[in-house]
Amino acid sequence: MKRLLVVLIVLAVACGPGPTPPKKSPSPVATTPVARPSLPPFPSPSPGGPTPPPPVAVVCQSQVPAGHQVALVSLRGVQGVVVRDVTDINHPITRCGFQGGAYFRFVNSARVSYIVTSGSDLGASGALYMVDLNASTTSLVRAWSYGGYASWVYAWSPDGQKLTYLSSDTTGVTWHLLSAAGDKTLASLGTVPGRGVNLDNDDAMVGFSADGQYVAVEETFTAQKGATTGTPPIQIVRLSDLKQIYLRADGTMATWGASGARLYFRTTGGVLVWEATGKVQVVNPGLQWIRPWPSADGTHITFSSLNPQGNHVVGILDTGGGPVAQATSEPRANPGFLTSTLIWYAGETRCTTTTPCGLGGPPLTGTTYIYDIAGVESGSIDTALYDSWPHNAGQS
Numbered sequence: 003m004k005r006l007l008v009v010l011i012v013l014a015v016a017c018g019p020g021p022t023p024p025k026k027s028p029s030p031v032a033t034t035p036v037a038r039p040s041l042p043p044f045p046s047p048s049p050g051g052p053t054p055p056p057p058v059a060v061v062c063q064s065q066v067p068a069g070h071q072v073a074l075v076s077l078r079g080v081q082g083v084v085v086r087d088v089t090d091i092n093h094p095i096t097r098c099g100f101q102g103g104a105y106f107r108f109v110n111s112a113r114v115s116y117i118v119t120s121g122s123d124l125g126a127s128g129a130l131y132m133v134d135l136n137a138s139t140t141s142l143v144r145a146w147s148y149g150g151y152a153s154w155v156y157a158w159s160p161d162g163q164k165l166t167y168l169s170s171d172t173t174g175v176t177w178h179l180l181s182a183a184g185d186k187t188l189a190s191l192g193t194v195p196g197r198g199v200n201l202d203n204d205d206a207m208v209g210f211s212a213d214g215q216y217v218a219v220e221e222t223f224t225a226q227k228g229a230t231t232g233t234p235p236i237q238i239v240r241l242s243d244l245k246q247i248y249l250r251a252d253g254t255m256a257t258w259g260a261s262g263a264r265l266y267f268r269t270t271g272g273v274l275v276w277e278a279t280g281k282v283q284v285v286n287p288g289l290q291w292i293r294p295w296p297s298a299d300g301t302h303i304t305f306s307s308l309n310p311q312g313n314h315v316v317g318i319l320d321t322g323g324g325p326v327a328q329a330t331s332e333p334r335a336n337p338g339f340l341t342s343t344l345i346w347y348a349g350e351t352r353c354t355t356t357t358p359c360g361l362g363g364p365p366l367t368g369t370t371y372i373y374d375i376a377g378v379e380s381g382s383i384d385t386a387l388y389d390s391w392p393h394n395a396g397q398s
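Each residue of the sequence shown is one higher than the one before, starting from 3 at the first, in my numbering.
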């Protein structure tokens, strides 16, 4: 349920404070197989499709034990993206490392997906790969010959057996559902017009409800600025019959809660939530959250918002109805749950009257942090957080 947006090459998390590790890639060592229920392989693309860019190199030092909490992060002084075992936050372990790739996601604790493209230009061909870390195998999930805006947006179902994604080419953006039953187009979203992008307001996400019964899309890029008609930015489809059960003409910055079927999203009036009963209600009037990220236990959602000076500050919403808490009054950005009680975020340069923040927003300071929701902030060697596992309550 993690979103992706614009050219944000995903957020990464490693864990906890500690000395800067040497600049090296993981090296393989002998490991003992780990018992875990096996999932069938995800269906491969049909022959005759686009030629995909090759997969990236993956090296594992050790296997991921069943039931462990892991995160996809970048570490200070280490090249690439690593799988970090954060089950014991005081003694985190780097399990695997990737040299290349972007838009990383966990399928489960031992399967990771990522995107590679043939170039950095918009329109470059690309492919989505899945890696089984314990079996040391890589498989192609899908490939495309032209990658337009939002072609990097995708999400896995809680059981890892369905993929929802956005396809984007010169004809427009389409929303898809891919599974063993085939590739189904859920909606045509239109074309992306030429206009400015505001990363604090514009967003694109797809995702499944935690109970696996619904799938949603939320995206603002195909809407003409100031238009009164067009593609609804929020749509929800019931998976049992692929019936569209909810449309909304306004909204952005959506996320599924990590339990049940509750889609949270932002409007000009604040944060609202859609429930499977069809009820839509206000969660927090006036709250203009940015990039919400739910905790795996379903109890909290962290996010950033803008203060009057133009800086981002990190907030924490209690999904049980409690008040919104502020992690710190200091400028912080891009928060995400490393575990259900630990939030990773990045430091941001303070905006002042003498050093105002210009176009593009405040630059990051290069310092990163981990915040315990009990109220303690400490430094982190994780320079980026992309995803963490589990995603939802009950996953192992």
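The C-beta atom is built at its ideal place from N, Cα and C for all residues, glycine as well.
Note that this is a predicted model, so its numbers are computed, not measured.
(message) So, for Pro-235: in the same chain, excluding its five sequence neighbours on each side, which residues have a beta-carbon less than 8 Å away from its beta-carbon?
(response) By 1-based counting over the sequence shown, the position of residue 235 is 233. Once the five neighbours on either side are set aside, the close Cβ partners of Pro-235 are Glu-220, Glu-221, Thr-222, Ala-225, Arg-250, Ala-251, Asp-252, Gly-253 and Thr-254.
(message) For Gln-71 and Ser-159, I'd like the C-alpha separation in whole angstroms.
(response) Numbered from its first residue, the sequence shown carries residue 71 at position 69. Numbered from its first residue, the sequence shown carries residue 159 at position 157. When rounded, the distance between both Cα atoms is 18 Å.
(message) Short of 8 Å in beta carbon distance, which residues of its chain neighbour Gly-312, apart from the five on each side in sequence? Order them along the chain.
(response) Mapped onto the sequence shown, residue 312 falls at position 310. Cys-353, Pro-358, Cys-359, Gly-363 and Pro-364.
(message) Distance check for Gly-377 and Val-175, CA to CA, integer angstroms please.
(response) Taking the first residue of the sequence shown as position 1, residue 175 is located at position 173. Taking the first residue of the sequence shown as position 1, residue 377 is located at position 375. Distance between the alpha carbons of Val-175 and Gly-377: 42 Å.
(request) Spatial neighbours of Pro-54 within its chain, please: CB distance less than 7 Å, with the 5 preceding and 5 following residues excluded, ordered by chain position. (result) Against the sequence shown, residue 54 aligns to sequence position 52. Counting only Cβ-Cβ distances below 7 Å, and skipping sequence neighbours, we find Ala-129, Leu-142 and Ala-145.
(message) Need the endpoints of the beta strand (DSSP E) that Asn-336 sits in, please.
(response) Within the sequence shown, residue 336 is the residue found at index 334, counting from 1. That run of the beta strand (DSSP E) goes 334-339.
(request) Classify Ser-342 as buried or exposed, calling it buried when 16 or more other Cβ atoms lie within 10 Å of its own Cβ. (result) Counting from 1 along the sequence shown, the entry for residue 342 is found at position 340. With 16 or more Cβ atoms within 10 Å of its Cβ, Ser-342 is classed as buried.
(message) For Ala-37, which residues in the same chain have their Cβ closer than 7 Å to its Cβ, ignoring the five residues on either side in sequence?
(response) As a working note, residue 37 is residue 35 in the sequence shown. Low confidence applies to Ala-37: its pLDDT is 42, below 50, so where it sits in the model is not reliable enough to give any reading.
(message) Per the DSSP calculation, Thr-196 is bridged to which residue(s)?
(response) Start at 1 with the first residue of the sequence shown, and residue 196 comes out as number 194. Residue identity check: residue 196 is Gly in the sequence provided, not Thr. Beta-bridge pairing links Gly-196 to no other residue.
(request) Measure the alpha-carbon distance for Gly-262 versus Gly-396 and round it to whole angstroms. (result) On the sequence shown, position 260 is the one that residue 262 refers to. On the sequence shown, position 394 is the one that residue 396 refers to. Approximately 11 Å, taken between the alpha carbons.
(message) Strictly by DSSP, which residues pair up with His-314?
(response) Here residue 314 refers to the residue found at position 312 of the sequence shown. Answer by DSSP bridge pairing, in chain order: Leu-308.
(request) Output the boundary residues of the beta strand (DSSP E) element that contains Phe-408. (result) Nothing can be reported for residue 408: it is not among the residues displayed for the chain, which extend from 3 to 398.
(request) May I ask which residues mark the beginning and end of the beta strand (DSSP E) holding Thr-385? (result) On the sequence shown, position 383 is the one that residue 385 refers to. Here the beta strand (DSSP E) through Thr-385 covers 384-391.
(request) Please go through the same chain and pick out, in chain order, the residues whose beta-carbon is closer than 6 Å to the beta-carbon of Asp-204, but skip the five residues on each side of it. (result) Against the sequence shown, residue 204 aligns to sequence position 202. Excluding residues within five positions, the ones whose Cβ falls inside 6 Å are Thr-222.
(message) For Asp-374, report the span of its beta strand (DSSP E) as first-last.
(response) Numbered from 1 along the sequence shown, position 372 holds the residue referred to as residue 374. Asp-374 -> beta strand (DSSP E) spans 366-374.
(request) With DSSP collapsed to three states, give me the class of Val-118. (result) For this step, residue 118 is matched to residue 116 along the sequence shown. Three-state DSSP puts Val-118 in a strand.
(message) What does the alpha-carbon distance come out to for the pair Tyr-131 and Tyr-388?
(response) In the sequence shown, residue 131 corresponds to position 129, counting from 1. In the sequence shown, residue 388 corresponds to position 386, counting from 1. The straight-line gap from Cα to Cα measures roughly 16 Å.
(message) So, with DSSP's three-state summary, where would you put Val-84?
(response) Translated into positions along the sequence shown, residue 84 becomes position 82. Three-state DSSP puts Val-84 in a strand.
(request) Just confirm the distance between the C-beta atoms of Gly-150 and Gly-125, as a whole number of angstroms; I'd bet it's less than 8 Å. (result) Position 148 of the sequence shown, counted from the first residue, corresponds to residue 150. Position 123 of the sequence shown, counted from the first residue, corresponds to residue 125. Indeed, because the Cβ distance is near 6 Å, the residues count as touching under 8 Å.
(message) Which same chain residues end up closer than 8 Å to Glu-379 when comparing Cβ atoms and leaving out the 5 residues on each side of it in sequence?
(response) Counted from its first residue, the sequence shown places residue 379 at position 377. Excluding positions up to five away in sequence, the list reads Ala-329, Thr-330, Tyr-371, Ile-372 and Tyr-373.
(request) Identify every residue that forms a DSSP beta bridge with Met-132. (result) By 1-based counting over the sequence shown, the position of residue 132 is 130. Paired residues: Ser-115 and Ser-141.
(message) So, for Ser-307: in the same chain, excluding its five sequence neighbours on each side, which residues have a beta-carbon less than 8 Å away from its beta-carbon?
(response) The sequence position of residue 307 within the sequence shown is 305, counting from 1. Cβ neighbours of Ser-307 beyond the five flanking positions: Leu-289, Gln-290, Trp-291, Ile-292, His-314, Val-315 and Gly-317.
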